[in-house]
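Counted the way our numbering counts, the sequence shown spans residues 29 to 583. Below is one structure, written out as structure tokens, with a few remarks after it.
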Amino acid sequence: MGSPEKDYLHKGWMAAAALIAVLVAVSFIPPQSLGGVKLRRANILSDLIDFGDAEAPAEAAEPQLFDEEEFHVDMEEVISRIEADSTPREAPASFEWDLRRDTLPLRPRRPDTVRLLPELTPIEDFDTTGTGIRAFCDTLLHAPRPVRIAFLGDSFVEGDILTADLREKLQAAYGGGGTGFAPMASPLTGFRRTVRPESKGWTTYNIMQRKKAPEGLRDHFFVSGWVSQPAAGASTRWENTDARARLDSCTGARLLFRSPGESRIEVTLNDTLRRTFDIPADEAVRQIVVRAPHIHALTCRVLTPGEGFIGYGGIFEGDGVVVDNYSVRSNNGQAMFWTDPAVNARIDALAGYDLVILQYGLNIMQAGVHNYTGYSQQIEKMVDFVRRCFPGAAVLVLGVSDRSVKNDGRFEPMDALPHMTESQRRAARNTGAAFWPTCDAMRAQGGMERFVQNGWAGKDYTHINYAGGSRVAWALVDALNALTAEVAARKRAEEVRREAAAPILSPRQRARIDRMLLPDTPGKNLNDPRSCPPPPRTASPKGCRRCSPTTPPRR
């Protein structure tokens with residue numbers, strides 16, 4: 029007869045019960061310190077019992093998103109380099125080729141109140157000095173010269189995405205023409221639709237790989253992010269396109285270069301007219317300015333490049349708004365600290381920028397990261413750097429664009445978006461710059477999910493295309509127009525108050541105030557004698573030209 033079977037199932041349950049009892053007992057042991065090491069309570073009943081000894085979680089430290097040492101900038105050095113380059117020089121800064129028949133000054137413009145989108149995403153203005161975005165709006169309306177915008181960004185606006193439509197709408201409203209800045213040579217130029225470049229004989233370097241550039245070039249980058257070194261006979265031909273309205277309405281061009289040694293440059297206008305410029309040696313950045321009734325194509329050929337010659341590119345413009353796209357792929361904005369502040373300031377002295385737009389953050393933002401304090405401080409330094417290099421320009425910081433990430437098989441908005449946006453807004457507030465929330469403007473149109481569905485953005489749910497760039501540009505144009513209309517209305521109101529406060533009003537001032545304060549009389553026509561009031565018996569009628577044809581009305 030065999031031995032009885034052992035009851036292993038019963039013993040297993042007993043062992044499990046004993047283990048649970050031990051763990052429950054351990055849960056009641058308070059936190060301890062052993063050798064200076066703090067031990068937490070082992071509470072397996074945390075979902076049922078709260079012992080009240082858990083510490084509040086501290087805010088997560090900002091991850092190392094960039095190398096602070098690599099992106100360090102010394103503002104004192106920036107100032108000294110700009111001042112050292114601003115001393116008077118014997119060599120001319122500009123070489124002129126003027127073929128215009130006449131030069132008419134720009135007349136004051138009216139604010140454009142036409143809305144392109146149903147919902148307005150307004151600009152937030154933190155300026156307290158009177159030199160910010162509102163001053164730019166006033167310049168946009170009244171400056172008797174071209175009004176220049178430098179758009180500094182990353183791959184989000186590469187190839188003139190967004191800026192092509194921003195340029196088109198502003199030029200349509202406030203005048204101007206041309207594609208703005210185009211580099212002397214770049215492997216990315218074929219992607220851009222607003223200008224058709226052909227270059228040969230150039231060796232080009234990008235600021236993101238600046239260490240590959242010769243030592244004599246790497247310290248002289250412009251905010252465009254490109255420097256080009258020519259062989260003898262190197263040339264670039266730019267041709268305007270019809271990808272957007274007014275691109276071919278170009279009446280001026282600026283060729284920007286640096287020639288420490290003597291050089292000879294040949295410029296060809298519209299493939300027919302040629303002129304050669306002998307450039308004396310000088311360390312400063314200089315320009316060749318071409319003005320003509322119409323510039324469809326322009327060719328720059330470096331016949332004899334002096335030692336250390338650098339070609340930056342050309343700016344193609346008209347009488348009105350000029351928008352220059354300075355996009356650098358993979359740039360988080362801090363690459364501007366690698367540019368030469370003296371080069372930036374010299375080009376600003378030659379052209380003169382009225383507004384600098386900073387569009388960055390897409391390359392810094394990461395899912396799950398909510399602390400961008402360090403990057404916010406870097407944005408403040410960017411604003412300071414821009415103001416040193418472009419002292420006459422207002423600064424507009426764009427919040428990061430909408431972006432989605434894949435989670436459980438579907439795309440949803442990145443959780444870092446509101447935190448990055450707030451860090452950029454805080455930087456603008458701390459520096460007195462203006463701020464525009466790009467993400468809000470995109471979400472007002474359905475957000476990144478709708479952008480992808482409508483074919484306005486790529487399937488990476490990060491980058492917009494030309495169609496999406498149009499939608500974002502229209503929202504920004506609406507914001508600029510709304511602020512410009514507000515500035516114009518306030519200025520008109522101030523003029524009326526000043527006139528009303530004057531002790532004696534002229535007839536013209538009185539009529540102006542009447543037009544502002546009193547409703548128009550229906551059907552009144554000053555050119556129709558029947559609409560004029562009867563003149564006083566002691567005075568001859570002078571109210572209109574038809575009533576008194578021999579006596580012109582006073583003005």
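Cβ atoms here follow ideal geometry from the backbone N, Cα and C, with glycine treated the same way.
Let's test the definition: count the other Cβ atoms within 10 Å of the Cβ of residue i and tell me whether it reaches 16, buried, or not, exposed.
i	result
Ala86	Confidence at Ala86 is low in this model, with a pLDDT of 43, below 50, so its placement is unreliable and no value can be given for it.
Arg272	buried
Pro133	exposed
Arg176	buried
Gln387	buried
Ala596	This structure cannot settle anything about residue 596, because the visible part of the chain is limited to 29 through 583.
Ala210	buried
Pro580	Caution is warranted here: a pLDDT of 45 is assigned to Pro580, below 50, making its placement in the model unreliable, and the coordinate value is therefore given only provisionally. Pro580 is exposed by the Cβ-count criterion.
Ile151	buried
Gln199	buried
Asp276	buried
Asn359	buried
Leu301	exposed
Pro136	exposed
Met544	exposed
Arg286	buried
His491	buried
Asn509	buried
Met476	buried
Would a C-beta distance cut-off of 8 Å place residue i and residue j closer than the cut-off?
i	j	result
Gly345	Cys278	In the sequence as displayed, the identity of residue 345 is Glu instead of Gly. Yes.
Val414	Phe250	no
Phe154	Ala456	yes
Ile110	Arg314	no
Ser214	Tyr340	no
Val318	Leu326	yes
Trp125	Val330	no
Gly427	Thr466	yes
Gly334	Ala309	yes
Met448	Met393	yes
Val351	Phe179	yes
Ala422	Ile107	no
Met212	Asp412	no
Val185	Asn435	no
Ile323	Leu297	yes
Val384	Phe439	no
Ordered along the chain, which non-local residues of its own chain (more than five positions away) have a Cβ less than 6 Å from that of residue i?
i	result
Ala501	Leu190, Asp193 and Leu194
Gly361	Tyr388 and Met410
Ala513	Pro139 and Thr141
Gly206	Cys278, Phe344, Glu345 and Gly346
Residues in the same chain with beta-carbon distance under 8 Å from residue i, minus the five sequence neighbours each way, listed in chain order, please.
i	result
Ala45	none
Lys519	Asp166
Asp182	Ser355, Val356, Arg357, Ser358, Asn359, Asn360, Gly361, Gln387, Tyr388, Leu390 and Asn391
Asp247	Asp368
Gly21	Summary: the structure shown does not reach residue 21, with the chain confined to residues 29 through 583, and so no result is reported for it.
In the DSSP assignment, what residue or residues form a beta bridge with residue i?
i	result
Val317	Glu124 and Arg282
Val349	Val175
Ser256	Thr232 and Gly339
Trp594	Not covered by the structure: residue 594. The range shown for the chain is 29 to 583.
Thr296	Arg302 and Thr327
Lys434	Phe439
Ser355	Gly181
Arg265	Glu226 and Thr327
Ile48	Per DSSP, none; premise fails for Ile48.
Flag residue i as yes if its beta-carbon sits less than 8 Å from any beta-carbon of chain B, otherwise no.
i	result
Thr459	Chain labels in this structure do not include chain B; a single protein chain is all it has.
Take residue i and list the residues in its own chain whose beta-carbon comes closer than 7 Å to its own, dropping the five residues that flank it on each side.
i	result
Glu196	Arg272, Ala273 and Arg274
Gln405	none
Pro258	Gly229, Trp230, Val330, Pro333, Phe337 and Gly339
Arg454	Ser404
Exercise for review: Let me know the alpha helix (DSSP H) ranges lying completely inside the segment 485–529, each 4 residues or longer, listed in chain order.
Suggested key: 494–529
Point to revise | Secondary structure, alpha helix (DSSP H): runs of 4+ residues fully inside the segment 195–247 | key: 243–246
Practice item. For the segment 367–417, list the alpha helix (DSSP H) runs that are entirely contained and at least 4 residues long, ordered along the chain. Key: 369–379 and 401–417
Review point. Which residue spans inside the segment 99–172 form an unbroken beta strand (DSSP E) run of at least 3?
Key: 122–126
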